[in-house]
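Asker:
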Amino acid sequence: FKEGRMSCDNESKQSRPCTSWSDNMFNRVEKVVLEDRRLSMENIASKVGISVGSVHTILHEDLRMSSRWVPQMLVDNHKQAMLTRDEGMNGTLFSSVVTMDETWMPFFNPETKRDFPVVKTDFYRSVHSGHGIKVSTL
1 FKEGRMSCDN ESKQSRPCTS WSDNMFNRVE KVVLEDRRLS MENIASKVGI
51 SVGSVHTILH EDLRMSSRWV PQMLVDNHKQ AMLTRDEGMN GTLFSSVVTM
101 DETWMPFFNP ETKRDFPVVK TDFYRSVHSG HGIKVSTL
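If you read the sequence shown in UniProt numbering, its first letter stands for residue 1, the second for the next number, and so on.
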């Protein structure tokens, strides 16, 4: 009230919006994705001019799009099954696929000692006497 205010209500300010979601941004992201489905979220964000998190929210919550892992090396039977399924859907299956170039590398993380047996070999006992180094068997 020292500054001459007569009300306790917040006054309107000229600032940027607290969120980047709007109908305009929604339409721009949708248009960019429909033009090229192979774009990453970073590329979409740079084209539209919003953050990657906002692009993620628009894609997943509003457009209901999600990424899927597709094996890079498909067997001929799988390729034929995918084409047959696409023909049954009037060609809409592959038009709704968003792709990204990723490499999938499996790894094994044992939960218990029983899942991954460990054996002390005589060679390591002789080389590292007293240290008790364990060597896993394959």
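Glycine included, each C-beta is placed from N, C-alpha and C at the ideal position.
Give a yes or no on contact between the stretch 20-32 and the stretch 51-62, applying the rule of three or more CB pairs nearer than 8 Å.
Answerer: Output reads yes: the stretch 51-62 touches the stretch 20-32.
Asker: For the alpha helix (DSSP H) containing residue 75, list its first residue and its last residue.
Answerer: Translated into positions along the sequence shown, residue 75 becomes position 75. From DSSP, residue 75 is part of no alpha helix (DSSP H); its letter is neither H nor E.
Asker: Measuring only the C-alpha atoms, how far is residue 84 from residue 45?
Answerer: To locate residue 84, count along the sequence shown from 1; it is residue 84. To locate residue 45, count along the sequence shown from 1; it is residue 45. Answer to the nearest angstrom: the Cα atoms are 35 Å apart.
Asker: On the criterion of 16 or more Cβ atoms from any shown chain inside 10 Å, does residue 54 qualify as buried, or is it exposed?
Answerer: In the sequence shown, residue 54 corresponds to position 54, counting from 1. By the 10 Å Cβ count, residue 54 comes out buried.
Asker: Could you spell out the range, first to last residue, of the alpha helix (DSSP H) harbouring residue 34?
Answerer: Residue 34 sits at position 34 when you count from the first residue of the sequence shown. 23-35 is the span of the alpha helix (DSSP H), which, as asked, contains residue 34.
Asker: Give me, in chain order, the residues of the same chain whose beta-carbon lies closer than 6 Å to that of residue 64; leave out the 5 immediate sequence neighbours on both sides.
Answerer: Position 64 of the sequence shown, counted from the first residue, corresponds to residue 64. Cβ within range, chain order: n/a, list empty.
Asker: DSSP state of residue 85, grouped into three classes?
Answerer: Position 85 of the sequence shown, counted from the start, is the residue given in the question as residue 85. Residue state, collapsed to three classes: helix.
Asker: Would you call the CB atoms of residue 41 and residue 48 closer than 7 Å?
Answerer: As a first step, residue 41 is located in the sequence shown; it is residue number 41 there, counting from the start. As a first step, residue 48 is located in the sequence shown; it is residue number 48 there, counting from the start. No, these two residues do not count as a Cβ contact at 7 Å.
Asker: Tell me where the alpha helix (DSSP H) around residue 42 begins and ends.
Answerer: If you number the sequence shown from 1, residue 42 lands on position 42. Its alpha helix (DSSP H) spans residues 41-48.
Asker: Whole angstroms is fine: what's the gap from residue 23's alpha carbon to residue 37's?
Answerer: Position 23 of the sequence shown, counted from the first residue, corresponds to residue 23. Position 37 of the sequence shown, counted from the first residue, corresponds to residue 37. Their backbone Cα atoms lie some 20 Å apart in a straight line.
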